[in-house]
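Participant:
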Amino acid sequence: MSDLMQTFPIRRIVEHGPGVKSFYFDKIFNVEAGQFINLWIPGLDEKPFSVSSITGDQIELSIKAYGPFSKEMMKKKAGDYLGIRGPFGKGFSFHDKALIIGGGIGIAPLRILAQKLKEQNNTFISLLGAVTRQEIIFSSWWDSLGQRHFTTDDGSLGLKGVVTDVLPEILKMNDIKYIYAAGPEIMFVKVKEMIDPTGIPYEFCMERYMKCGIGICGQCVLDGSGIRLCVEGPVLNKEALSGITELGMKHRDASGRRV
Amino acid sequence: MSDLMQTFPIRRIVEHGPGVKSFYFDKIFNVEAGQFINLWIPGLDEKPFSVSSITGDQIELSIKAYGPFSKEMMKKKAGDYLGIRGPFGKGFSFHDKALIIGGGIGIAPLRILAQKLKEQNNTFISLLGAVTRQEIIFSSWWDSLGQRHFTTDDGSLGLKGVVTDVLPEILKMNDIKYIYAAGPEIMFVKVKEMIDPTGIPYEFCMERYMKCGIGICGQCVLDGSGIRLCVEGPVLNKEALSGITELGMKHRDASGRRV
Amino acid sequence: MINTHFLNIELKSPTVLASGILGLTASSMQRVIEFGCGAVTTKSFSLDWRTGHKNPSIIPFEHGMLNAVGLSNPGIDEMVKEIRLFRRQCTAPVFASIFGRTLDEFGEVTRRAAEAEPDMIEVNISCPNVHSEFGQPFGESCPDTAKITQIVKKHAGKIPVSIKLGPHGPGIGKLAKICEENGADAITAINTAGPGMLIDINVRKPVLANKTGGVSGPAILPIAVKSVYEVYRSVKIPIIGTGGITKTGDAIQMILAGAHILGVGTAVYYEGIEVFDKLNKGIENYLKEQGFDSIEEIRGAAHE
Amino acid sequence: MINTHFLNIELKSPTVLASGILGLTASSMQRVIEFGCGAVTTKSFSLDWRTGHKNPSIIPFEHGMLNAVGLSNPGIDEMVKEIRLFRRQCTAPVFASIFGRTLDEFGEVTRRAAEAEPDMIEVNISCPNVHSEFGQPFGESCPDTAKITQIVKKHAGKIPVSIKLGPHGPGIGKLAKICEENGADAITAINTAGPGMLIDINVRKPVLANKTGGVSGPAILPIAVKSVYEVYRSVKIPIIGTGGITKTGDAIQMILAGAHILGVGTAVYYEGIEVFDKLNKGIENYLKEQGFDSIEEIRGAAHE
Ligand SMILES: Cc1cc2nc3c(=O)[nH]c(=O)nc-3n(C[C@H](O)[C@H](O)[C@H](O)COP(=O)(O)OP(=O)(O)OC[C@H]3O[C@@H](n4cnc5c(N)ncnc54)[C@H](O)[C@@H]3O)c2cc1C
Ligand SMILES: Cc1cc2nc3c(=O)[nH]c(=O)nc-3n(C[C@H](O)[C@H](O)[C@H](O)COP(=O)(O)OP(=O)(O)OC[C@H]3O[C@@H](n4cnc5c(N)ncnc54)[C@H](O)[C@@H]3O)c2cc1C
Ligand SMILES: Cc1cc2nc3c(=O)[nH]c(=O)nc-3n(C[C@H](O)[C@H](O)[C@H](O)COP(=O)(O)O)c2cc1C
Ligand SMILES: Cc1cc2nc3c(=O)[nH]c(=O)nc-3n(C[C@H](O)[C@H](O)[C@H](O)COP(=O)(O)O)c2cc1C
Ligand code: FES
Ligand code: FES
């Protein structure tokens, strides 16, 4: 691991469908499930991305095309050098009888979580939702892991609908001791409303605009708690989340304004 | 050991006689026989001094009053802080059946050499000369080490005369396999004339004006060989010494001039 | 804890959060206070918000850090809100760091910042990352420094003002003197050094989006100590000694050079937010071991 | 070994011994050449000998080195002898580094140094340790820089001249341009940064006898890279990129920033005299791995 900027070649690219790809690099460091790296496209920008798997001697980043940065990533070829700093932050803790809830490309950090849970013989159910089928990356791999539920907005994979449509049923039918979530904050806010009354403890992998990744610029600090998402997060547990006054609300942009 | 400047209190002072003292510091580093440290008197100057012994958990510096620096040292009290950087350079190698030849305060590095030779059960004879008795520091300790010969210019201890007066006799009467020398260069030049024909290998601990002590300023570099006395010395063996064209000649002062 | 007086302000410890580090919001600054920090400085702000430079904008190298944040800030309205919020939540002093693009803007930002009643206004005239936009930093010109000090003092009212200087330019001692003569109440020294550049040898491009960035952290400690020493020699007003302080020994060096209180920035990366507690304890131990009762007894001692 | 052309001079490698390091005598310089160094620069010398500052004059700190040697040197007579001796013993190029206390002295030292027929004369106008004696370094004033370049060029005859600049002052790009316009054949960038100060916390005194000293070594690499980048952008004459080069990656960064050949000083302390061989091999390997045939192909590549 290195906080210093180093560049590495992309070893391999997997296309999950239009605008969703996984990029593989040599496993240049160890990484906990939920940690992220800062990815630099030379000449363009640097943004945080979750490590989505450790597969053999490679690490994987899974990226969905949104704006300038992620769209530029779609043009990258194997052999291209990109900057990687990290891994940063604190990841998930491990628990048995878990429910994994993911939305869209937020599934990325849950993939490595599932890998690690399995390695340690923890059982879990997965509930993954997205706009359309290619965003549920590695859907057949998830199939192989045991009980899983997919939802898509367009019904192209699994149930037509969103994760919160099936969540109550899953909670009723299973003995869930721990919940992991990652994905859009608005999804999590709705999930939280449903699970808070159950008393089940949980962790959520959050996203914020980041600059330094190393806890000094203050860009990712959460209102209410003063938590630096890049150091004390990006995975926060129930207690940490309860102190945050900005959950599901406005975020800070590059200037630090709430937008 | 540290090349960085650090200050330490003098723990103890032993006066050998007017103008010759030993100063003891905590053993803040390991040191080879023949290595030196740079001693800083804050506000005055910094000069190189041989470590003259490791005694228990203390290191010893033995200093004779010559000019401004060493005279200022005579005023120092236990508890005063002085800067010490080092140890620097390469020390003596160890050999059995040795002859140790010292002149004046040049005896200092030979004391720790004798300590180490003894620790390793190497036998040696010592031949120590000085202007007057107090300069033969720890004379009774030398007595205890076995065969020893003292000379003083004034006859106040041992034979009246200089080391080269007795050297031929010692060489004739003993089976000497290795010679160590330290002291005035002019003494060594004369010793060298006597021992070169015998073919006995030797090492000499040399002195030059030094600035950095760490091999970059070039101040202590010896003509002919390019040897940096502070790094490749101060102890040089026969081969190294044979490459030096300035032995017993002019030295360089602070400006770098030969004076 | 070593209580410290500084410009009639009471600090619970002599360590201060430097500008640009975790100083964007009340929540963030309060958290730092909980770790023993004696006072916080906000991120430097201007009238209007600024996005600053693209990323990478903050990059550690082996011996310190480069940054070219580009004075990104949410603008005065938002920052005044955060300062007020901090005031309500927390009794520790807060210093408002401000900058402007023009002389008038310096005055206007000061006037508006003063309304939030910070304990001090720190005037950043020495950011090395905004050359291309503004030419040389104001703080490298003696006449500009004089004029900014005047205008800021005029608009600050009863709130004390510290001018933040960089290590380069026409001599920091001379600049500090100019600040003092024009009414500054304190000097903050130093801002980042350099600037510097890092180039990635595989992609063969500068790493920082802005190409160059100011150097902070351990690499600049000797430059910061020397700067504070020089300022102490030329002015009587107190100094916020900043630059490269990571360990206790660094903090002591700064005090011996003449610092009144200590700005700590990059060390938050090296040592965590705990660095404030660590430094405070270290300074306390040093004073005890060396037989002193207070920082005052050793301040500037290296000048004797 | 990578043969390198520089100002019609042939070097067996692109690494050059920087001025002030092991450059006092022919014996010393020859030894460095044996370790793969491509050319040597002498210690800077003046008409008369100078004792320089008292010791400690050279002190490593955790991230580099401080030095305030004070331009000690044995004077031109002795140095001319050593250069001639080196010429007789060794075919590698030698650069004579000179300085003066006045404009006329710069001219006179150049004239006399030229008689020893060094391969280049390097003009040190940027030593930060002689402020108190001479005021600000000449190299921080644009008019002085212009005048010194002119007078040195006038007296150097056919021997090429490089002006050695420091990282601070009115902008190194601007200064380099002035040198070029006034006839300089090359730029050496940079001299030491800072200056800086270290204070011992037990005796509470600055460690260097001169109190302050120039900063060299790893701590200043980003500042040196940035300086070379800026010089490359503003002039066409070649650059001896110097400052903080210790590892291969540092050397490559310098070349990508625009350096023609590489000055190496403090690294002799960190890596031993072997550093020249190590850097040469490292550069060779880098070129091979990245598919280049020569340094020319990557020089200044970070500007693209
Ligand atoms: C800790 C952390 C981990 C991350 N991990 C991943 C990851 O594994 N894979 C990945 O693709 N991205 C991940 N991101 C997001 C990523 O950093 C970028 O924000 C994203 O790639 C968009 O950047 P852009 O410049 O392409 O688009 P921008 O111009 O920044 O965004 C374009 C539009 O898309 C919206 N948008 C951006 N990101 C998201 C999102 N994640 N969900 C919903 N809307 C979004 C923006 O609000 C904006 O409206 C992570 C972010 C953080 C903080
Ligand atoms: C590697 C090394 C190890 C050293 N070890 C010791 C040591 O253990 N003990 C010690 O006392 N000194 C030692 N010295 C010498 C010491 O560094 C100083 O040079 C010495 O103390 C004189 O410094 P000064 O400022 O007092 O006098 P200076 O002003 O430098 O000298 C005054 C006069 O004394 C002469 N002089 C200086 N030193 C010597 C000497 N050693 N022998 C004969 N004449 C001399 C000078 O030529 C001058 O004429 C060592 C030097 C080196 C390079
Ligand atoms: C990421 C970062 C951002 C900074 N932003 C500002 C700023 O907005 N205003 C300012 O006056 N100084 C700023 N600085 C400079 C610091 O306040 C401080 O003067 C400098 O970093 C030296 O101290 P340090 O070595 O303890 O970090 C910033 C420094 C860093 C590292
Ligand atoms: C001990 C020492 C002495 C120096 N003396 C000189 C000098 O006489 N003339 C000069 O132009 N530069 C001198 N320098 C500066 C170096 O030549 C070089 O420019 C600087 O140290 C940066 O390079 P480095 O980091 O590789 O050492 C000296 C540097 C050191 C460390
Ligand atoms: S991104 Fe800078 S503190 Fe988190
Ligand atoms: S004293 Fe500097 S090289 Fe030996």
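Residue numbers (the numbering used here), protein chains in the order written: chain A, 1 to 259; chain B, 260 to 518; chain C, 519 to 822; chain D, 823 to 1126.
Ideal Cβ positions, reconstructed from N, Cα and C, are used throughout, including at glycine.
Starting from Leu1043 (chain D), trace the alpha helix (DSSP H) in both directions and tell me its first and last residue.
Facilitator: Looking at the DSSP string, the run of the alpha helix (DSSP H) that includes Leu1043 (chain D) is 1043-1056.
Participant: In this structure, does DSSP put Thr667 (chain C) in helix, strand or coil?
Facilitator: Helix at Thr667 (chain C).
Participant: Anything in chain D within Cβ reach of His686 (chain C), meaning under 7 Å, just list it in chain order.
Facilitator: In chain order: His990.
Participant: Would you identify the three-state DSSP class for Ser984 (chain D), choosing helix, strand or coil?
Facilitator: Here Ser984 (chain D) sits in strand by DSSP.
Participant: Could you check which residue in A:Gly104, A:Phe94, A:Leu99 has the C-alpha nearest to that of Met173 (chain A)?
Facilitator: When each option's Cα is compared against that of Met173 (chain A), the closest is A:Leu99.
Participant: Under 7 Å Cβ to Cβ from Phe188 (chain A), same chain only, skipping five residues before and after it: list those, please.
Facilitator: Answer for Phe188 (chain A): Ala181, Phe204, listed in chain order.
Participant: Under 7 Å Cβ-Cβ, which residues of chain G neighbour Pro574 (chain C)?
Facilitator: Here the protein chains are A, B, C and D, and chain G is not one of them.
Participant: What separation, rounded to the nearest whole angstrom, lies between the Cα atoms of Leu368 (chain B) and Asn946 (chain D)?
Facilitator: This sequence places Pro at residue 368 (chain B); Leu is not what is there. Going from the Cα of Pro368 (chain B) to the Cα of Asn946 (chain D) covers about 41 Å.
Participant: Can you tell me the Cα-Cα spacing of Gly417 (chain B) and Thr411 (chain B), whole angstroms?
Facilitator: Roughly 7 Å separates the two Cα atoms.
Participant: Taking the alpha carbon of Ser866 (chain D) as the point to measure from, which residue in D:Gly897, D:Lys996, D:Leu888, D:Ala1015 has its own alpha carbon closest?
Facilitator: Nearest option by C-alpha distance: D:Gly897.
Participant: Taking just the CA atoms, how far does Ile843 (chain D) sit from Ile475 (chain B)?
Facilitator: Distance between the alpha carbons of Ile475 (chain B) and Ile843 (chain D): 5 Å.
Participant: If you follow the alpha helix (DSSP H) that Leu1020 (chain D) is in, where does it begin and where does it stop?
Facilitator: It is not in any alpha helix (DSSP H) - Leu1020 (chain D) carries neither H nor E in the DSSP assignment.
Participant: Give a yes or no on whether the C-beta atoms belonging to Ile364 (chain B) and Leu386 (chain B) are separated by under 7 Å.
Facilitator: Going by C-beta atoms, Ile364 (chain B) is not nearer than 7 Å to Leu386 (chain B).
Participant: Rounded C-beta distance between Val670 (chain C) and Ile639 (chain C)? I'm assuming under 8 Å.
Facilitator: Indeed, because the Cβ distance is near 7 Å, the residues count as touching under 8 Å.
Participant: Regarding Ala614 (chain C) and ligand 1, is the C-beta to nearest heavy atom distance less than 6 Å?
Facilitator: Not so, every heavy atom of ligand 1 lies at least 6 Å from the Cβ.
Participant: Judging by CA-CA distance, which residue of A:Arg258, A:Gly86, A:Gly19, A:Gly43 is the nearest neighbour of Ile28 (chain A)?
Facilitator: Cα-wise, what sits closest to Ile28 (chain A) is A:Gly86.
Participant: What three-state label does DSSP hand Ala557 (chain C) in the structure shown?
Facilitator: Reduced to three states, the DSSP call for Ala557 (chain C) is strand.
Participant: Could you give the DSSP three-state label for His275 (chain B): helix, strand or coil?
Facilitator: Here His275 (chain B) sits in strand by DSSP.
Participant: Taking C-alpha atoms, which residue in D:Thr837, D:Ile1105, D:Tyr1091 lies nearest to Pro1040 (chain D)?
Facilitator: The shortest C-alpha separation from Pro1040 (chain D) is found at D:Tyr1091.
Participant: Using the Cβ count rule (16 or more neighbours within 10 Å means buried), how would you classify Asp637 (chain C)?
Facilitator: Asp637 (chain C) is buried by the Cβ-count criterion.
Participant: Go through its chain and collect everything with a Cβ distance to Ser954 (chain D)'s Cβ below 6 Å, but skip five positions before and after it.
Facilitator: The predicted model places Ser954 (chain D) with a pLDDT of 35, which falls under 50 and marks its position as unreliable, so this point remains unresolved.
Participant: Might you give, ordered along the chain, the residues of its own chain that have their beta carbon closer than 8 Å to the beta carbon of Ile13 (chain A), omitting 5 neighbours on each side?
Facilitator: Cβ neighbours of Ile13 (chain A) beyond the five flanking positions: Lys21, Ser22, Phe23, Tyr24, Lys76, Lys77, Ala78.
Participant: Verify the CB distance criterion: does Ser255 (chain A) have a CB-CB separation below 7 Å to chain C?
Facilitator: So, interface residue.
Participant: In the structure shown, what three-state DSSP assignment does Asp285 (chain B) receive?
Facilitator: In this structure, Asp285 (chain B) counts as strand in the three-state DSSP scheme.
Participant: When Cβ atoms are compared, which residues of the region 699-721 of chain C fall closer than 9 Å to chain A?
Facilitator: The residues in question are Leu716, Asp718, Ile719, Asn720, Val721.
Participant: When you compare only the Cα positions, how much space is there between Leu229 (chain A) and Gln219 (chain A)?
Facilitator: The alpha-carbon atoms of Leu229 (chain A) and Gln219 (chain A) are separated by roughly 9 Å.
Participant: Is Lys211 (chain A) close to chain C, meaning its C-beta is less than 7 Å from at least one C-beta of that chain?
Facilitator: Yes - at least one Cβ of chain C is within 7 Å of the one on Lys211 (chain A).
Participant: Give the interface partners of His885 (chain D) over in chain C, defined as CB-CB distance under 7 Å, in chain order.
Facilitator: Going along chain C in sequence order, the residues near His885 (chain D) (Cβ under 7 Å) are His581, Pro736, Ala737.
Participant: For Val916 (chain D), tell me which candidate among D:Ser841, D:Cys949, D:Gly979 has the shortest Cα-Cα distance.
Facilitator: The residue with the shortest Cα to Cα distance from Val916 (chain D) is D:Ser841.
Participant: What three-state label does DSSP hand Asp150 (chain A) in the structure shown?
Facilitator: The residue you asked about is not Asp; residue 150 (chain A) is Phe in the sequence shown. Residue state, collapsed to three classes: strand.
Participant: Indicate whether His875 (chain D) and Asn1032 (chain D) have their beta-carbon atoms separated by less than 7 Å.
Facilitator: Yes. Within cutoff.
Participant: Across which residues does DSSP place Arg85 (chain A) in a beta bridge pair?
Facilitator: Its beta-bridge partners are A:Asn38.
Participant: Would you kindly work out how many angstroms separate the C-alpha atoms of Asp1099 (chain D) and Ile1023 (chain D), rounded to a whole number?
Facilitator: Those two C-alpha atoms are separated by around 39 Å.
Participant: Applying a beta-carbon distance threshold of less than 8 Å, which residues of chain B neighbour Glu900 (chain D)?
Facilitator: Within 8 Å Cβ-Cβ: Gly515, Arg516, Arg517.
Participant: Going by the CB atoms, is the gap between Phe810 (chain C) and Ile816 (chain C) shorter than 7 Å?
Facilitator: The answer is yes: Cβ separation under 7 Å.
Participant: When the Cα of Tyr81 (chain A) is compared with those of A:Lys192, A:Glu32, A:Leu222, A:Phe8, which residue comes out closest?
Facilitator: That would be A:Phe8, whose Cα lies nearest to the Cα of Tyr81 (chain A).
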